[in-house]
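Reading through the structure tokens given below for one structure.
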Amino acid sequence: ILLKQAQGEAAYLNRRKWKKQALKRIKLLRGWAKKGNVNVVHYVHLVEAELAVLEGKNERAEESYKSAVSVATRNGFTHDRALSHELMSEYFSVIKGDDYWKDYHLDNAIQSYVDWGATVKVEQLKRKKEMGK
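Shown next, in the form of structure tokens:
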């Protein structure tokens, strides 16, 4: 989420603003997770991934995206698994320029949204894939 917004706002101050927002969200989510709310652990990983992208820490970003997918899958959060794959696809497209992994994660996002029953989102991503974006 932050990745897409920060990409369009190249100015240093805007990146700093998004980083500050991400750090606030991570702190909040980690606090909830420490109190036993396992329903937010995958969000911690997802926001950490987006923050790592902002900081240019690509290896950390990939690990956090993978963790977000894994935890969301393990805990049955189909919609969040879909979102994690979708953002990971965008990462591989924009940051890494890797079409293989972009398509792999986009296909997984589409399948996850199908599993969740989000037909409009499925059609949106299928059109995106057809256009090659």
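Residue numbers (my numbering): 1 to 133. Glycine included, every Cβ here is placed at the ideal spot set by N, Cα and C.
#1: With a Cβ-Cβ cutoff of 8 Å, do Ala-22 and Leu-46 count as a contact?
#2: Among the candidates Gly-76, Lys-34, Ile-95, whose CA atom is the shortest distance from the CA of Glu-50?
#3: Between the C-alpha atoms of Glu-130 and Lys-34, what's the straight-line distance to the nearest angstrom?
#4: Just curious, the alpha helix (DSSP H) that Ser-70 is in, first and last residue?
#5: Would you mind sorting Tyr-100 into buried or exposed? The rule is 16 or more other CB atoms within 10 Å of its CB.
#6: What's the C-alpha gap between Val-41 and Ser-89?
#7: To the nearest angstrom, how far is the alpha carbon of Gly-132 from that of His-105?
#8: Where does Ala-150 sit, in a helix, a strand or coil, going by DSSP?
#9: Since Val-69 contacts His-79 with CB under 8 Å, what's their CB separation in whole angstroms?
#10: Nearest-angstrom Cα distance between Tyr-43 and Arg-60?
#11: Taking 8 Å as the cut-off, decide whether the C-beta atoms of Tyr-113 and Lys-102 are in contact.
#12: For Gln-111 and Glu-123, I'd like the C-alpha separation in whole angstroms.
Judging by the given coordinates:
#1: Taking 8 Å as the Cβ cut-off, Ala-22 and Leu-46 do not qualify as a contacting pair.
#2: Looking from the CA of Glu-50, the closest CA among Gly-76, Lys-34, Ile-95 belongs to Ile-95.
#3: Separation of Glu-130 and Lys-34 (C-alpha to C-alpha, rounded to the nearest whole angstrom) is 42 Å.
#4: Under the DSSP assignment, Ser-70 falls in the alpha helix (DSSP H) whose first and last residues are 58-74.
#5: Counting Cβ neighbours within 10 Å, Tyr-100 comes out exposed, since fewer than 16 surround it.
#6: Distance between the alpha carbons of Val-41 and Ser-89: 21 Å.
#7: So the two alpha carbons sit approximately 14 Å from each other.
#8: Because residue 150 is not part of the residues shown, which for the chain are 1 to 133, the question remains open.
#9: Contact flag wrong, Cβ pair sits at about 12 Å.
#10: Take the alpha-carbon of Tyr-43 and the one of Arg-60: they are about 15 Å apart.
#11: If you check the CB distance, Tyr-113 and Lys-102 do not come in under 8 Å.
#12: The straight-line gap from Cα to Cα measures roughly 11 Å.
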